[in-house]
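Novice: Same order as they appear, the protein sequences are chains A and B. Its first residue numbered 4, the first sequence is counted upward by one per residue in our numbering. Its first residue numbered 4, the second sequence is counted upward by one per residue in our numbering.
Protein chains: 2
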Amino acid sequence: MADSTSHVVVAVVLSVRERRLEARVARVVRAPAESLEAAFERAVDTSGLAHVEQLETRILRDGTLATAYLGLARPGATVGGHAPSGSDERELAAAAQARLRAKLSYTNVGFALAPEAFTISELRDIYVAGLGHDVSATNLQRVLLRRGVLERADGRREPGRSGGRPASLFRFASSRLTVTDEFAALRPRR
Amino acid sequence: MADSTSHVVVAVVLSVRERRLEARVARVVRAPAESLEAAFERAVDTSGLAHVEQLETRILRDGTLATAYLGLARPGATVGGHAPSGSDERELAAAAQARLRAKLSYTNVGFALAPEAFTISELRDIYVAGLGHDVSATNLQRVLLRRGVLERADGRREPGRSGGRPASLFRFASSRLTVTDEFAALRPRR
DNA sequence: GCAAAAGTGTTGTGTCTACACCCATGT
DNA sequence: ACATGGGTGTAGACACAACACTTTTGC
């Protein structure tokens, strides 16, 4: 572990469970001549991941060189790994959370945390967990529809025993990361 | 170089010269137990750099593990290194450029490319080079002043022989990276 | 009918682009 | 006087938050 010539790949996988953002961590020593992606795939079960991106490379407190990746899993996916433990893992988990938080605002990355179809309230819970602050379902719907991130899906969700209007279902229009909020400032002239 | 156990730090330094964005690249093998920052400082003259951040880690085509950094230099700083050559270096330079371009829009990172004091036209040239598209001096001034990124400096620039109104000087309010455009969307409720 | 949950209408605010117009200098 | 470059005024487009109101269900 503390071998100064070895290279470790750390996977930080985030997902929303029970309205909370959960982080799981796994690490693997990259074999010589092994690609970073291959090492990552040995670290976690990538079949449950809807999005992966590189986070950062640093030297851990024990002297190991480590490259961290962020993975996003939809609810219910089996992820593996363990809860972050130790300063390095906690810092990397925090970095992953910060990255997710920023990208939720200006990309469609929510697709990687949401199920296939969902109501706006369910999506709201996911955004609240990911962003760490309250979000209005009303405005969330309007913003994401206007940006073309969401589209209506067939069917509705029947209300529970306490009643209420049945909710329509929505889905993400794309499952590939795209930047949706071209910055209004300093954009090219038409 | 192609030793699969060695770790290389690649510095990509961007600066604006003659209204063009120029990239210089330097690389260094990181010594065992050497920090990433120390290796970076061996690669380039950091005294001329106003901002540094990590770009990405990848395995180069020759099999070497490489961690790339982006450095930004003000005009006239002596940088060292060489023009990007080879696919890897060109791709890393392109990644650096993309990163700069995005950050110019929503941070104050322009401070790292601009001299101490400058006219709006001069700043406009820097933004045009960094963004790769045309920018209106009128709106650039207003956006950056409104965001508090720029402030007025003392003095004016005398016109050249072709005449024209003398230009006032401005400076960046801060020389530390800050995100200036909190995304209007999905921001926390007050 | 009443409570609960979902969704729409509407208003106000802020930030941006575009462009007309005014200002200060050299020749 | 006129050209040149700097800077301001202002109008219009757009995206957002906030909140009142309507819709659709269970009980």
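Note that the Cβ used here is the ideal one computed from N, Cα and C, for glycine as well.
Using a Cβ cut-off of 9 angstroms (strictly closer), state whether A/H85 contacts chain B.
Specialist: Chain B, which has no Cβ nearer than 9 angstroms to the Cβ of A/H85, makes this no.
Novice: Looking at the C-beta of B/G66, does it have a partner C-beta in chain A at a distance below 9 angstroms?
Specialist: At least one chain A Cβ lies under 9 angstroms of B/G66.
Novice: Looking at the C-beta of B/Q57, does it have a partner C-beta in chain A at a distance below 9 angstroms?
Specialist: Output row for B/Q57: interface = yes.
Novice: Quick check on B/L39 - is its C-beta less than 9 angstroms from some C-beta in chain A?
Specialist: Yes - at least one Cβ of chain A is within 9 angstroms of the one on B/L39.
Novice: Excluding five sequence neighbours on each side, which residues of the same chain lie with their C-beta closer than 7 angstroms to the C-beta of B/E46?
Specialist: Going by the sequence as given, residue 46 of chain B is Ala instead of Glu. Around B/A46: V12, A14, A29, R30, V31.
Novice: Counting Cβ pairs closer than 8 angstroms, one from the stretch 134-141 of chain B and one from the stretch 75-85 of chain B, do we hit at least three?
Specialist: Cβ pair count under 8 angstroms is below three, so no.
Novice: Measuring alpha carbon to alpha carbon, tell me which residue in B/G151, B/L63, B/D128 is nearest B/E94.
Specialist: Closest option to B/E94, Cα to Cα, is B/L63.
Novice: Using a Cβ-Cβ cutoff of less than 6 angstroms, which residues in the same chain neighbour A/I123 once the five nearest sequence positions on both sides are dropped?
Specialist: Correct list, in chain order: A140, Q144.
Novice: Between the beta-carbon of B/P87 and the beta-carbon of B/A96, is there less than 9 angstroms?
Specialist: Yes, they are a contact pair.
Novice: Does the beta-carbon of A/H85 have 16 or more other beta-carbons within 10 angstroms, so that it is buried, or is it exposed?
Specialist: Under this definition A/H85 is an exposed residue.
Novice: Quick check: B/L172 and B/D157, are their CB atoms within less than 9 angstroms of each other?
Specialist: Yes; because the gap between Cβ atoms is below 9 angstroms, this pair is in contact.
Novice: Note down, in chain order, each residue of its chain lying with its Cβ closer than 8 angstroms to the Cβ of A/T181, except the 5 sequence neighbours on either side.
Specialist: Correct list, in chain order: T110, N111.
Novice: According to a CB-to-CB cut-off of less than 7 angstroms, which residues of the stretch 6-35 of chain A neighbour chain B?
Specialist: The residues in question are S7, T8, H10, P35.
Novice: Nearest CA to the CA of B/S38: which residue from A/A69, A/L52, A/P118?
Specialist: When only C-alpha atoms are compared, the closest one is A/A69.
Novice: Within the same chain, show all residues whose beta-carbon is closer than 6 angstroms to that of A/R27, passing over the 5 residues directly before and after it, in chain order.
Specialist: Answer for A/R27: V16, V82, G84, listed in chain order.
Novice: Looking at the structure shown, is A/A97 part of a helix, part of a strand, or coil, going by DSSP?
Specialist: Helix, per DSSP.
Novice: Cβ of A/A170 within 9 angstroms of Cβ of A/R160?
Specialist: Yes. Within cutoff.
Novice: Quick one: is B/A187 buried, meaning 16 or more other Cβ sit within 10 Å of its Cβ, or exposed?
Specialist: Only weak support is given to the placement of B/A187: the predicted model assigns it a pLDDT of 46, under 50, and the value that follows is read from those uncertain coordinates. So B/A187 counts as exposed.
Novice: Please tell me whether A/R179 has its Cβ less than 9 angstroms away from any Cβ of chain B.
Specialist: By this cut-off, A/R179 is not an interface position.
Novice: So with Cβ pairs under 9 angstroms, would you call A/T141 a contact of chain B?
Specialist: Not one chain B Cβ lies under 9 angstroms of A/T141.
Novice: Below 7 angstroms CB to CB, which residues in the same chain sit around A/A117 once its five sequence neighbours on both sides are set aside?
Specialist: Correct list, in chain order: R77, L126, I129, F175.
Novice: Between B/S18 and B/T67, is the Cβ-Cβ spacing less than 9 angstroms?
Specialist: Contact flag unset, no.
Novice: Exposed or buried, A/S108, counting other C-beta atoms within 10 Å across all chains shown (16 or more means buried)?
Specialist: When all chains shown are included, A/S108 counts as buried.
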